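In what follows, a structure is listed as structure tokens, so that the remarks can point back to it.
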Amino acid sequence: MHLPEDFPNELRHTDADTPVPTWAQVTRSVSAANQQMITQVARLVADTDDEPTARAVWESWPGNYRRSTALIIDKVYAQGWLDALGAIDGWPWDGGFYCRPAETARGAFADVLDSLSDGDRPFIACTLRNGLFAYLNAYPHKAWRRGWMETDTATAALHVGLMKDGRAEIHFDVFNPLFISGAPARDVIRIPLVGAFNRKQFVLHRRWEQSDFGPYSRTSANLYHLMRDRVPLSF
0 MHLPEDFPNE LRHTDADTPV PTWAQVTRSV SAANQQMITQ VARLVADTDD
50 EPTARAVWES WPGNYRRSTA LIIDKVYAQG WLDALGAIDG WPWDGGFYCR
100 PAETARGAFA DVLDSLSDGD RPFIACTLRN GLFAYLNAYP HKAWRRGWME
150 TDTATAALHV GLMKDGRAEI HFDVFNPLFI SGAPARDVIR IPLVGAFNRK
200 QFVLHRRWEQ SDFGPYSRTS ANLYHLMRDR VPLSF
């Protein structure tokens, strides 16, 4: 596809200018074996406690799938809820994956996400209780019974759903219409009883993601460059 002149420069990255993480990097074991991280990543990648088996699965994936999965791992790890993710269901894709939720000391998957959605925490639950805009953020995902969205980042934001079949879905939105925490006041529309949304990011989301340009925007190469200066990445 011919990209228009106003296609954002930050969305023109390719595999050629973007690294692919190694197993040692994604498990944060470059300097020394991080056994706790190895165990968590092995469970996520291959539903196993055997590192060689998990590493073989990891290395069988295309580079962009490994990059995408590592970006989710890194962000979730930084936010402190990697233990809520069980094994990936099937293969990931470039921008997300399905997985089986895991029970944690803090409760079930929904309990953990709800605990991250209170007050100044990084997520909002996509319910009518939180306003129409929050509710509509998850509405297109018909297979979800619960949804959550990051609110404190404009780009490469996590969108999380608990599906009706019990699986969880985690993927990135390049532009985040619910960037309402810490956003410039001029960008946020707040309507009593209806809620709040970020009009700037909403326009960008509609233009470059919910259109034929989506496959060129929602790539792990672009996500990596959007994240690398503000998320402690492993690679």
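As numbered in numbering that gives the first Met the number 0, residues 0 to 234 make up the sequence shown, in order. Here a beta-carbon is modelled for each residue, glycine too, at the ideal position from N, C-alpha and C. From a predicted model like this one, the values you see are computed outputs, not experimental measurements.
>> My output table needs one value for N33: the three-state DSSP class, helix, strand or coil.
In response: Coil at N33, not helix or strand.
>> Rounding to the nearest angstrom, what Cα-Cα distance links T150 and Q200 in this structure?
In response: About 12 Å.
> What residue from D73, D113 and R99 has the CA that sits closest to R263's CA?
Replying inline: For the chain, the structure presents residues 0 to 234; residue 263 sits outside this window and is missing.
> Counting only runs that start and end within the region 34-111, where is the alpha helix (DSSP H) found for 4 or more residues in a row?
Replying inline: Taking only runs of at least 4 residues, the alpha helix (DSSP H) segments lying wholly in the region 34-111 are 34-45, 50-59 and 62-78.
> At which residues does the alpha helix (DSSP H) containing N197 begin and terminate?
Replying inline: Under the DSSP assignment, N197 falls outside any alpha helix (DSSP H), being part of the beta strand (DSSP E) whose first and last residues are G194 to N197.
>> Considering only their Cβ atoms, is the gap separating D14 from V230 smaller than 8 Å?
In response: No, these two residues do not count as a Cβ contact at 8 Å.
> Do the region 174-188 and the region 130-138 make contact, defined as three or more Cβ pairs closer than 8 Å?
Replying inline: Between the region 174-188 and the region 130-138, the count of C-beta pairs closer than 8 Å reaches three or more; the two stretches touch.
> T218: which of M0, D110 and G95 sits nearest, CA to CA?
Replying inline: Proximity to T218 across M0, D110 and G95 peaks at G95, based on C-alpha coordinates.
>> Can you tell me where the beta strand (DSSP E) holding M148 begins and where it ends?
In response: W143 to E149 is the extent of the beta strand (DSSP E) around M148.
>> Less than 8 Å between C-beta atoms, sequence neighbours within five positions excluded: which residues of the same chain meet that for G213?
In response: Apart from sequence neighbours up to five positions away, the residues of its chain that approach G213 with a beta-carbon distance below 8 Å are W207, ordered along the chain.
> Which runs of the beta strand (DSSP E) fall wholly inside the region 167-232 and span at least 3 residues, in chain order?
Replying inline: You should have 167-174, 187-190 and 194-197.
> How many whole angstroms separate the CB atoms of D117 and T103, which I take to be in contact at a CB cut-off of 8 Å?
Replying inline: With 8 Å as the limit, D117 and T103 do not qualify as a contact, their Cβ atoms being about 17 Å apart.
>> Beta-carbon within less than 6 Å of H204's beta-carbon, same chain only, minus the 5 sequence neighbours each way: which residues are those?
In response: Apart from sequence neighbours up to five positions away, the residues of its chain that approach H204 with a beta-carbon distance below 6 Å are F174 and P176, ordered along the chain.
>> I need the DSSP call for F122, collapsed to helix, strand or coil.
In response: In the three-state DSSP reduction, F122 falls in the strand class (E or B).
> Opposite G160 in the DSSP bridges: which residues?
Replying inline: DSSP lists G146 and E168 as partners of G160.
> For G62, which residues from the same chain have a beta carbon less than 8 Å from its beta carbon, with the 5 sequence-adjacent residues on both sides left out?
Replying inline: The answer, listed in chain order, is D14 and V19.
> With a Cβ-Cβ cutoff of 8 Å, do I87 and V29 count as a contact?
Replying inline: For I87 and V29, no; Cβs fall outside 8 Å.
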